[in-house]
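Remarks on the structure that follows.
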Amino acid sequence: MTTVPMDIVNDLFLRLPAKSLVRFRALSKPCYHLINSPDFISSHLSRVLQTNDHLMILLRGALHLYTVDLDSLDTVSDVEHPMKRGGPTEVFGSCNGLIGLSNSPTDLAIFNPSTRQIHRLPPSPVDLPEGSSTRGYVFYGLGYDSVNDDYKVVRMVQFKRDPDDELGCSFPYEVKVFSFKMNSWKRIESVLPPIQLLFYFYYHLLYRRGYGVLAGNSLHWVLPRRPGLIAFNIIVRFDLALEVFDIVRFPEPIANGDVDIQMDIGVLDGCLCLMCNYDQRYVDVWMMKEYNVRGSWCKVFTVQKPKSVKMFAFMRPLVYSKDRDKVLLEINNTKLVWFDLETRKLSTLKIKDCPSSYSAELVVSSLVLGCKGDLDNIKHRKEQRDKEARESKMLQNSKKRDDFLSKGFKLVL
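If you use this note's numbering, the sequence shown corresponds to residues 1 to 413, in order.
So, in structure tokens, the structure goes:
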């Protein structure tokens, strides 16, 4: 039997999706150790991020999560995860093939839908400050700290002094950061006065605005203006390496222009994006080409309100097509469309057997967090299946023999 050199095997495996690699660990001990090695996991992730191969769309329906491969939209897979509690599980971010899951502020996990590996975060209580009567909004963020090679989750909680006070000024707050390396939470004590706007005014955040957007080794939240309270929009960023807050400045034409623009943020091609919605008639998409450099903001395209939608409330870009002539957009958190950058035309992305209404998250296929089960367990399960198959076959043969003998005795009698 010819043995394939491991360097060739390594090169071939780097081109495969994580789901296939999880199965291929059972081929042999060398394959198992190769696929589970940190160097291979890192190289596989780097290649996926560079080539945009094996991209998946994570769909969140009313009660379930699904994945579908972006290159072949004919198979929707149900995502089973241990966080299910009979109600909807929130997805608060996607990073390097991992997603953040939440059932409550104290029930959080980092989950890899490709390998089904999950890391539950140790519970960290939300401490109600003295004088506060109830919890307000909770903000989440999941990101990779490339400086310290660490995955981090940020949880920010607002508190209300009076449950009937909808204006909500001077709110206490709590900020905690979870480090995957340390497997522990850390409280952030000091926050700059401008950032306290995030907590001192009870913002009615739109869906997703409570979820941090990852770019430039920082998580970002956009805070919409509220008439009578704050007369401007603001982008808050949290530096994952330094673990401090700061503000990202808008493009000058936006900062000095119409204050009634509805704003949202996203990420495209690794760059922070700002979506400016003009009275639900059209949306300008700005991109920060060089992170945290105000002069690098540029308007990359404009999307007119599709005729197929009654309201054009929300829109965000997800990914360029491989030929980079189209952009995949999510509209109103319910549908996906391709936007042709040259013709400016929209075409609905049709996904077979998907839920009628869903929100979407782009997820890369990766082995980050590792894979479930060691080689002995994999072999044990395979041996068990083979044993059950042999026993089933023996039972069928025995039944056939008994039937034959039974018929033979009847003929003799």
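Glycine included, each C-beta is placed from N, C-alpha and C at the ideal position.
Within the DSSP secondary-structure output, Arg237 pairs in a beta bridge with His220, Asp246. In this structure, Tyr358 sits away from Gly93, with a CB-CB distance that is not shorter than 8 Å. With contacts defined by Cβ atoms closer than 8 Å, Lys326 and Asn52 do not form a contacting pair. Within the model, the alpha-carbon separation for Gly136 versus Asn36 is close to 42 Å. Pairing Leu73 with Ile57, the inter-Cα distance amounts to about 9 Å. The shortest CA-to-CA distance from Cys298 to any of Met311, Ile41, Phe312, Cys271 is the one to Cys271. Out of Leu362, Phe178, His64, the CA that lies nearest to the CA of His119 is found in Phe178. DSSP, reduced to helix, strand and coil, places Pro317 within a strand of the structure shown. For Met287, the uninterrupted beta strand (DSSP E) segment begins and ends at 282-288.
It is roughly 19 Å from the alpha-carbon of Leu223 to the alpha-carbon of Pro317. CA-to-CA, the gap between Ser124 and Glu361 works out to about 26 Å. Per DSSP, the unbroken alpha helix (DSSP H) holding Glu252 starts and ends at 252-255.
Taking Val147 as reference, the option from Leu240, Val303, Val244 with the minimal CA-CA separation is Leu240. For Leu336 against Leu349, the beta-carbon gap comes to about 4 Å, under 8 Å, which counts as contact. For Phe13, the enclosing alpha helix (DSSP H) starts and ends at 6-13.
With respect to the 8 Å criterion, Leu219 and Val154 are classified as neighbours on the basis of their beta carbons. Secondary structure of Ser42 (DSSP, three-state): helix.
In the displayed model, Gly270 falls within coil according to three-state DSSP, outside both helix and strand. Shown here, His64 sits in coil according to DSSP, grouped into three states, outside any helix or strand. Counted as a single uninterrupted DSSP element, the stretch harbouring Ile331 is not any alpha helix (DSSP H) but the beta strand (DSSP E) occupying residues 326-331. Looking from the CA of Arg187, the closest CA among Val126, Leu369, Ala26, Asp279 belongs to Val126. Closest by C-alpha distance to Val267, out of Asn217, Ala18, Glu174, Arg390, is Asn217. Between the segment 111-118 and the segment 76-84, the count of C-beta pairs closer than 8 Å reaches three or more; the two stretches touch.
For the options Met156, Gly210, Val191, Leu192, the alpha carbon positioned closest to that of Trp185 is the one of Met156. For Arg120, the enclosing beta strand (DSSP E) begins and ends at 117-120. For Ile247, the number of other beta carbons within 10 angstroms of its own is below 16, and it is reported as exposed. Taking the Cα of Leu329 as reference, the smallest distance to any Cα among Leu101, Leu12, Met6, Val283 is reached at Val283.
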